[in-house]
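Trainee: Right, I'll just put the structure down here and ask away after.
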Amino acid sequence: MTSTDVATSMFERIGGSATIDALVDRFYDRMDTLPEAKIIRAMHADDLGLIRDVLKRYLTEWTGGPRLYTPEKGHPRLRQRHFGFAIGDAERDAWMLCMRGPLEETITDAAARQDLDKAIAGLADWMRNRP
């Protein structure tokens with residue numbers, strides 16, 4: 001098998017840790033400032049520092065990078081962890097609004113950006129726990 005036979009992870013395709021860090025920082029900056037994101041900002045603590053770090057570790061591992069999330073947090077169980085929050089279409093859409101700008105700003109590879117957007121949108125849709 002040659003090195004070209006091995007699939008490149010999404011983590012590598014988007015630019016690794018630096019891209020994940022920038023993506024998450026811009027995501028939470030938008031959540032903090034966009035009026036349309038008020039509905040999901042209210043679900044978070046005043047200080048977003050800890051959750052920024054958690055999302056960076058989760059996305060790093062989820063995209064095929066180093067295992068930074070599960071050794072500390074265990075299996076993600078995302079729906080279970082978010083069950084205490086009412087997440088419907090409006091919340092999903094606000095979350096994706098906060099994510100799509102940073103995806104455009106931080107990921108230069110258009111195909112990788114499109115693939116990641118599709119995967120994240122599917123995950124966001126799956127997180128809904130009410131109509």
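Be aware that the sequence shown starts at 1, since it is given in the numbering used here, and climbs by one per residue. For every residue, glycine included, the Cβ atom is placed at its ideal position computed from N, Cα and C.
Taking C98 as the reference, give the member of S17, R30 and S9 with the closest Cα.
Mentor: On the sequence shown, residue 98 is found 98 positions in, with the first residue counted as 1. Residue R30 is the option with its Cα nearest to C98.
Trainee: State the DSSP-derived secondary structure class of G49, mapped to helix, strand or coil.
Mentor: Within the sequence shown, the letter at position 49 stands for residue 49. Correct three-state label for G49: helix.
Trainee: So, helix, strand or coil for L68, using DSSP?
Mentor: Looking up residue 68 in the sequence shown gives position 68. Note: L68 maps to coil in three-state DSSP.
Trainee: Distance, Cα to Cα, D25 vs R52?
Mentor: Counting from 1 along the sequence shown, the entry for residue 25 is found at position 25. Counting from 1 along the sequence shown, the entry for residue 52 is found at position 52. In a straight line, the C-alpha of D25 is about 7 Å away from that of R52.
Trainee: Should P102 be labelled buried (16 or more other beta-carbon atoms within 10 Å of its own) or exposed?
Mentor: Locating residue 102 in the sequence shown gives position 102, where the first residue counts as 1. Classification of P102: buried, given that the 10 Å Cβ count is 16 or more.
Trainee: Rank G122, R57 and G84 by C-alpha distance to the C-alpha of E72 and give the top, closest one.
Mentor: Counted from its first residue, the sequence shown places residue 72 at position 72. Among G122, R57 and G84, the Cα nearest to that of E72 is on R57.
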